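Structure first, then comments.
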Amino acid sequence: MAIHQQILTNDSDFLFSNQIESGHNQEPPELDTNQPGWKLMVIDDDEAVHQVTRMVLEDFKFENQGLSIIHGYSAEDAKRLLAEHPDTAILMLDVVMETDHAGLELIPRIRKEPDLKRMRIVLRTGQPGQAPERQVIADYEINDYLEKSNMSADKLQTTIITALRNYKDLLTIESLALSQSNLEQQIEERTREIVQINQSLSKEVNNAKVPIRSY
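Per our numbering, the sequence shown starts with residue 532, numbered consecutively.
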């Protein structure tokens with residue numbers, strides 16, 4: 532516990548360095564809280580990563596909302612949990628889990644799902660040699676790339692803030708687009724109604740005309 536307290540109080544310490552003890556026996560619940568808030572999904576096979584992430588973000592708030600952290604430990608967990616929580620705002624995804632590229636192989640499948648396109652994906656790796664940053668960013672549709680060995684509490688929190696801000700902007704754009712689409716549909720319906728009314732009036736006028744007789 533003293534190690535975790537030092538991490539939280541000293542931003543110069545790295546969160547996921549080799550000094551952090553792994554192998555805790557007790558896993559956190561899949562969903563930390565039932566309270567409404569931004570959903571953050573952490574998929575990583577290292578229990579220490581889950582524990583430290585929870586502690587660093589325990590009191591985190593963005594626009595007066597906290598975080599509901601969802602925990603998974605494999606790519607298979609991620610598939611199941613994303614199906615259960617399609618409104619997840621951020622996915623923090625490990626690279627090396629069941630296989631050396633389990634996280635990377637999951638990304639294209641995620642991006643094919645319409646409900647998950649707005650979700651921000653932050654790739655986290657403790658083995659950058661398995662997934663070089665430049666290559667991964669070029670080849671995969673991710674939004675951020677973080678090395679665990681270089682991550683501080685401040686870096687983790689600012690990464691979450693940036694991702695949530697982008698997610699919120701996407702929600703706003705989608706809402707505006709939907710409003711515009713609804714407005715255009717209403718205009719089209721109203722236009723059809725006016726055309727039908729004009730046609731009916733024209734018929735009534737023609738029927739009311741009295742033919743002129745010559746004497």
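All residues carry an ideal CB built from backbone N, CA and C; glycine is no exception.
Source: prediction; values computed, not measured.
What does the alpha-carbon distance come out to for the pair residue i and residue j?
i, j, result
"Ile691", "Asp670", "23 Å"
"Pro617", "Asp646", "6 Å"
"Gly603", "Thr722", "52 Å"
"Asn738", "Asn729", "14 Å"
"Glu672", "Ala614", "19 Å"
"Leu687", "Gln596", "17 Å"
"Leu598", "Ile652", "16 Å"
"Val726", "Ile718", "12 Å"
"Leu732", "Glu720", "18 Å"
"Ile668", "Glu724", "51 Å"
"Glu578", "Gly657", "13 Å"
"Val573", "Val583", "11 Å"
"Arg642", "Asp590", "30 Å"
"Glu594", "Lys734", "59 Å"
"Thr630", "Arg585", "25 Å"
"Leu624", "Asp576", "10 Å"
In or out: residue i buried (at least 16 other Cβ within 10 Å) or exposed?
i, result
"Ala662", "buried"
"Lys749", "Outside the modelled stretch of the chain, which goes from 532 to 746, sits residue 749, for which no answer is possible."
"Leu702", "exposed"
"Arg655", "buried"
"Leu695", "buried"
"Val736", "exposed"
"Thr689", "exposed"
"Ile621", "buried"
Going by DSSP, what residues sit across from residue i in a beta bridge?
i, result
"Gln596", "Phe593"
"Glu678", "Thr656"
"Lys570", "Ser599"
"Leu702", "Leu702 is not bridged to any residue."
"Met586", "In DSSP, Met586 forms no bridge with anything."
"Arg651", "Ile621"
Could you check which residue in the options has the C-alpha nearest to that of residue i?
i, options, result
"Ile601", "Ile668, Pro659, Val580", "Val580"
"Glu678", "Glu664, Thr630, Thr689, Ala684", "Glu664"
"Ser683", "Tyr698, Leu588, Val573", "Leu588"
"Lys648", "Glu705, Gly568, Val573", "Glu705"
"Asp700", "Asp675, Asn681, Pro659, Met650", "Met650"
"Asn681", "Thr693, Tyr698, Pro659, Leu707", "Pro659"
**Asked** Do the region 600-613 and the region 627-634 touch if we need at least three Cβ pairs shorter than 8 Å?
**Response** They touch, by the three-pair rule.
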